[in-house]
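Reminder that position 35 of the sequence shown reads as 35 in my numbering, one-by-one numbering, no gaps.
Idealized CB from N, CA, C, for every residue including glycine.
Every value quoted in this text rests on a predicted model; they were computed, and no experiment measured them.
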Amino acid sequence: MGKLLKAPTTNILKLTIHLRPNSKKEAIEKIGENEYKIKVSAPAVDGKANSKLIKLLSESFGWRPSSISILKGHTSRKKIIQVECD
């Protein structure tokens, strides 16, 4: 995937996510400083897209799923997430 993130200067990283559920392909695209467009295959029903988002971020960047939390936008396509980095 290349270098999508800079190393954080603190242990907490906040990202703005523009989520596209029901996508044919899963993808992560950087669109600004700490801002990403992320496509997931899961539908936006019963938190499935949010769960898939956390799983995709975890697999792509090597973060523990438990270190990723959604601060804002649980039911919106625009989300603010927080990652506690080791």
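Which residues in the same chain as Ala-44 place their Cβ atom closer than 6 Å to its Cβ, once the five residues preceding and following it in sequence are excluded?
The residue labelled residue 44 in the question sits at position 44 within the sequence shown. Pro-21.
Mapping the DSSP letters down to three states, classify Lys-24 as helix, strand or coil.
Mapped onto the sequence shown, residue 24 falls at position 24. If DSSP states are grouped into helix, strand and coil, Lys-24 belongs with coil.
Rounding to the nearest angstrom, what Cα-Cα distance links Asn-34 and Ile-68 in this structure?
Looking up residue 34 in the sequence shown gives position 34. Looking up residue 68 in the sequence shown gives position 68. One alpha carbon belongs to Asn-34, the other to Ile-68, and they sit about 15 Å apart.
Does DSSP classify Ser-69 as helix, strand or coil?
In the sequence shown, the residue the question calls residue 69 occupies position 69. It is a strand residue.
Could you check the C-alpha separation between Lys-39 and Trp-63 for me, to the nearest Å?
Looking up residue 39 in the sequence shown gives position 39. Looking up residue 63 in the sequence shown gives position 63. Their Cα atoms are separated by approximately 18 Å.
Are Ile-12 and Gln-82 closer than 8 Å when you measure CB to CB?
Numbered from its first residue, the sequence shown carries residue 12 at position 12. Numbered from its first residue, the sequence shown carries residue 82 at position 82. Their beta carbons are under 8 Å apart, which means Ile-12 touches Gln-82 by this criterion.
Look at Ile-70 and Lys-14 and say whether their C-beta atoms are less than 8 Å apart.
For the purposes of this step, residue 70 is identified with residue 70 of the sequence shown, where counting begins at 1. For the purposes of this step, residue 14 is identified with residue 14 of the sequence shown, where counting begins at 1. Taking 8 Å as the Cβ cut-off, Ile-70 and Lys-14 do not qualify as a contacting pair.
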